[in-house]
Structures are given as C-alpha cells and as structure tokens.
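Asks: Here the numbering used here is used: the first residue of the sequence shown is 72, the next is one more, and so on. Questions regarding the structure given below will be posed in turn.
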Amino acid sequence: FLPPTTIRDATIKQSLVADGCRIGNGAVGENSIVGLRCVIGEGAVIRNSILMGADYYEFEEGGPSGGQPPLGIGAGSRIEGAIVDKNCRIGRNVVIANEAGIEEGPEHDAYQVRGGIPVIVKDAVLPDGWRM
Numbered sequence: 072f073l074p075p076t077t078i079r080d081a082t083i084k085q086s087l088v089a090d091g092c093r094i095g096n097g098a099v100g101e102n103s104i105v106g107l108r109c110v111i112g113e114g115a116v117i118r119n120s121i122l123m124g125a126d127y128y129e130f131e132e133g134g135p136s137g138g139q140p141p142l143g144i145g146a147g148s149r150i151e152g153a154i155v156d157k158n159c160r161i162g163r164n165v166v167i168a169n170e171a172g173i174e175e176g177p178e179h180d181a182y183q184v185r186g187g188i189p190v191i192v193k194d195a196v197l198p199d200g201w202r203m
C-alpha cells in the first residue's frame with residue numbers, strides 16, 4: 072500500500088492524482104493525470120498532460136549521486152500537452168511543450184514527438200533549464 076498523496080499549497084483542477092504523490096507549494100495541475108509516487112516541485116505547472124509517476128521513492132537527501140536531478144518534476148518546471156513516462160528526472164525550470172507545433176520529430180535518448188505530443192521516455196534525465 073502507498074501513503075496518501077500530500078498536496079501542499081497547490082492548485083489542482085480537473086485532474087486525477089494517484090496515491091503516494093508529493094505536490095509542492097504553488098504547483099498547478101490542470102486537466103492532467105498524475106501517476107503513482109509522482110513528486111512535483113514547488114511552482115511547477117502541469118497542464119493537459121499525463122505523468123506516469125515512479126516505480127519507487129527516492130529517499131536520499133540531496134538526490135542521487137552523479138549530479139542528476141532527483142526523481143520527479145523539478146521546481147519551476149512547466150509541462151504542457153505532454154506524456155512523461157515512469158521514473159523520469161526532470162530538473163528545475165525545465166519547459167516541456169510543443170510551442171513550435173512539430174507534428175513528428177526525430178527520436179532522441181530522452182524524448183520524441185508523436186502526433187504533436189511531446190513524449191518523455193522512461194528513465195529520462197532532463198537537466199535544470201532544459202527546454203523543448
């Protein structure tokens with residue numbers, strides 16, 4: 072069993088949030104699905120998106136070694152109209168949105184665009200400030 076979701080001073084509208092999530096202060100979730108064990112940092116904005124969540128919790132203080140962002144969505148990040156697969160590490164102030172209107176794009180290690188929808192692949196790592 073998972074613990075209940077913790078939602079701090081966040082705004083969640085027309086969304087489904089699964090068990091075991093931690094949603095930070097000032098985060099916004101609109102028209103989205105938030106999967107199991109999802110961690111959403113302070114001030115992050117999730118709109119019209121699907122977050123698959125995580126298979127495990129990360130309990131290390133300061134995140135994993137190797138300079139990677141911690142598991143989940145970093146503070147100040149914006150995700151719009153996207154699918155984020157499981158166990159992704161999305162840094163702070165990352166923008167995932169198809170602002171250029173790309174219908175189909177080349178496949179990269181961390182992401183691809185299918186039918187105009189940005190898809191972040193399983194176990195992807197996006198550093199702080201990354202933009203799509």
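Every residue gets a Cβ at the ideal spot worked out from N, C-alpha and C, and that includes glycine.
Is it a yes or a no for the stretch 186-196 touching the stretch 153-168, going by three-plus beta-carbon pairs under 8 Å?
Replies: Verdict: yes, contact present.
Asks: Report the three-state DSSP secondary structure of Arg79 (helix, strand or coil).
Replies: DSSP places Arg79 in coil when its eight states are reduced to three.
Asks: Would you mind giving the Cβ-Cβ distance between Ala115 and Ala98, rounded to the nearest angstrom? I have them listed as a contact below 8 Å.
Replies: 5 Å
Asks: By Cβ distance below 6 Å, which residues in the same chain neighbour Lys84 in space, the five residues on each side in sequence not counted?
Replies: Glu101
Asks: How far does the beta strand (DSSP E) with Pro189 in it reach, from first residue to last?
Replies: Ile188 to Ile191
Asks: For the beta strand (DSSP E) containing Gly106, name the first residue and the last one.
Replies: First-last for Gly106: undefined, no H or E at that position.
Asks: Report the CB separation of Ile104 from Ser86 in whole angstroms; it is logged as a contact under 8 Å.
Replies: 7 Å
Asks: What's the gap between the Cα of Ala171 and the Cα of Phe130?
Replies: Rounded to the nearest angstrom, the two C-alpha atoms are 37 Å apart.
Asks: In terms of residues, what are the limits of the beta strand (DSSP E) holding Gln183?
Replies: Tyr182 to Arg185
Asks: When DSSP builds the beta bridges, which residues end up paired with Glu151?
Replies: Arg118
Asks: Applying the 10 Å Cβ sphere with the 16-neighbour rule, what's the burial state of Pro74?
Replies: exposed
Asks: State the Cα-Cα distance for the pair Arg118 and Arg202, rounded to the nearest angstrom.
Replies: 16 Å
Asks: To the nearest angstrom, report how far apart Tyr127 and Arg93 are at their CA atoms.
Replies: Between Tyr127 and Arg93, the C-alpha separation is close to 13 Å.
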